[in-house]
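A.B. asks: Those sequence lines, one after another, are chains A and B.
With positions in the first sequence counted from 1, the corresponding number in the numbering used here is that position plus 777.
With positions in the second sequence counted from 1, the corresponding number in the numbering used here is that position plus 31.
What follows is a structure written as structure tokens; I'll ask about it next.
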Amino acid sequence: MEAHTLERELESTLESVDSAEQLVFAEAQALGLDEDDLYRVGIAIRECMVNAVVHGNRYNSRKKVHLKVERTADRLAIVIGDEGDGFDPKAVPDPLDAENLLRGSGRGVMLMQSFMDEFQISQRQPQGTEVKMVKYKAKAT
Amino acid sequence: MSVKLTTRQVGDVTVVDAAGRITLGEGASMFRDTIRDLAAAGHKKLLLNLAEISYIDSSGIGELVSGFTTVANQGGVVKLLSLTKRVQDLLQITKLYTVFEVFDDEAKAVQSFK
Numbered sequence: 778m779e780a781h782t783l784e785r786e787l788e789s790t791l792e793s794v795d796s797a798e799q800l801v802f803a804e805a806q807a808l809g810l811d812e813d814d815l816y817r818v819g820i821a822i823r824e825c826m827v828n829a830v831v832h833g834n835r836y837n838s839r840k841k842v843h844l845k846v847e848r849t850a851d852r853l854a855i856v857i858g859d860e861g862d863g864f865d866p867k868a869v870p871d872p873l874d875a876e877n878l879l880r881g882s883g884r885g886v887m888l889m890q891s892f893m894d895e896f897q898i899s900q901r902q903p904q905g906t907e908v909k910m911v912k913y914k915a916k917a918t
Numbered sequence: 032m033s034v035k036l037t038t039r040q041v042g043d044v045t046v047v048d049a050a051g052r053i054t055l056g057e058g059a060s061m062f063r064d065t066i067r068d069l070a071a072a073g074h075k076k077l078l079l080n081l082a083e084i085s086y087i088d089s090s091g092i093g094e095l096v097s098g099f100t101t102v103a104n105q106g107g108v109v110k111l112l113s114l115t116k117r118v119q120d121l122l123q124i125t126k127l128y129t130v131f132e133v134f135d136d137e138a139k140a141v142q143s144f145k
């Protein structure tokens, strides 16, 4: 099967979080993910988009969020990039440390890692942060 | 649908029935405001019924935790009731099961505040 690819340039708004979730959800459904995996992908996309809009682009209307979704027969690969100042994941306190359990934020990256099969953060060229996430369709047993 | 919050009193326990999604934006804001208003009004025993919550993101989880600390700082306590499987999973992944007392039965939950 040839890869089905879609790319979008989204505004730095919370409405874009909903748009991206809907776009990716449709692709995840087309892949045939089950209800639980659809939910997990949905959470991961929302967390990633919120990071891009809120922490990366800081709602700056001149900056865009770049979404790319590639669907093949057995997997969905999603790349979300922002145009912010960059992000060091090591700078985020471990949300599972006892001293951080009552923090009001800092759990987004952990949820993305938990819910997707592959997760990678890199520097986006020429500017910003890029997150690549992959979800595989579970093989029938 | 964002989130719908309905408050009722069972003895001296304030039960907040929540339905919908608690996500960044209106849902999380409404949730935060409701808990803060209840705490400010002197409600010290809060039971959050999450049976009809379909979805919580990390912002929503953050508001649950912030609500817990807000009420605790005023000498009160927040407990959780009727979590869906997905919300249970989120609390396990985030280790917040170690923070919140969780109940499946409302009567037992109310009794636990005595």
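Ideal placement from N, C-alpha and C gives every residue a C-beta, glycine not left out.
Predicted model only: the values in this text are computed from it and were never measured.
Name the one or two DSSP bridge partners that K126(B) has.
C.D. replies: By 1-based counting over the second sequence, the position of residue 126(B) is 95. According to DSSP, which records beta bridges pairwise, K126(B) is partnered with nothing at all.
A.B. asks: Determine whether the Cβ of S60(B) lies closer than 7 Å to any Cβ atom of chain A.
C.D. replies: Against the second sequence, residue 60(B) aligns to sequence position 29. Answer no: the Cβ-Cβ gap between S60(B) and chain A never drops below 7 Å.
A.B. asks: Helix, strand or coil, according to DSSP, for R884(A) in the structure here?
C.D. replies: Stepping through the first sequence from its first residue, residue 884(A) is reached at position 107. Looking at R884(A) - three-state DSSP - the assignment turns out to be coil, as it is neither helix nor strand.
A.B. asks: To which residues does DSSP link K845(A) through a beta bridge?
C.D. replies: Numbered from its first residue, the first sequence carries residue 845(A) at position 68. DSSP lists E784(A) and V856(A) as partners of K845(A).
A.B. asks: Can you list, in chain order, the residues of its chain whose CB lies under 6 Å from that of A829(A), leaving out five sequence neighbours each side?
C.D. replies: The residue given as residue 829(A) occupies position 52 in the first sequence. Cβ neighbours of A829(A) beyond the five flanking positions: V842, I857 and D859.
A.B. asks: Enumerate in chain order the residues of its own chain whose CB-to-CB distance from S90(B) is below 7 Å, with the five nearest sequence positions on each side excluded.
C.D. replies: Along the second sequence, read from residue 1 onward, the residue named residue 90(B) stands at position 59. Result list for S90(B): T54, L55 and A59, in chain order.
A.B. asks: Under 8 Å between beta-carbons, which chain A residues line up against L127(B)? List them in chain order, please.
C.D. replies: The residue you call residue 127(B) lines up with position 96 of the second sequence. Chain A residues near L127(B): L878.
A.B. asks: Answer yes or no: do F134(B) and L114(B) have a C-beta to C-beta separation smaller than 7 Å?
C.D. replies: Locating residue 134(B) in the second sequence gives position 103, counting from the first residue. Locating residue 114(B) in the second sequence gives position 83, counting from the first residue. No, they are not a contact pair.
A.B. asks: Candidates K116(B), G93(B) and A49(B): which alpha carbon is nearest L78(B)'s?
C.D. replies: The residue you call residue 78(B) lines up with position 47 of the second sequence. It is A49(B) whose Cα lies nearest to the Cα of L78(B).
A.B. asks: Ends of the beta strand (DSSP E) at S85(B)?
C.D. replies: What you label residue 85(B) is simply residue 54 of the second sequence in a count that begins at 1. K76 to I87 is the extent of the beta strand (DSSP E) around S85(B).
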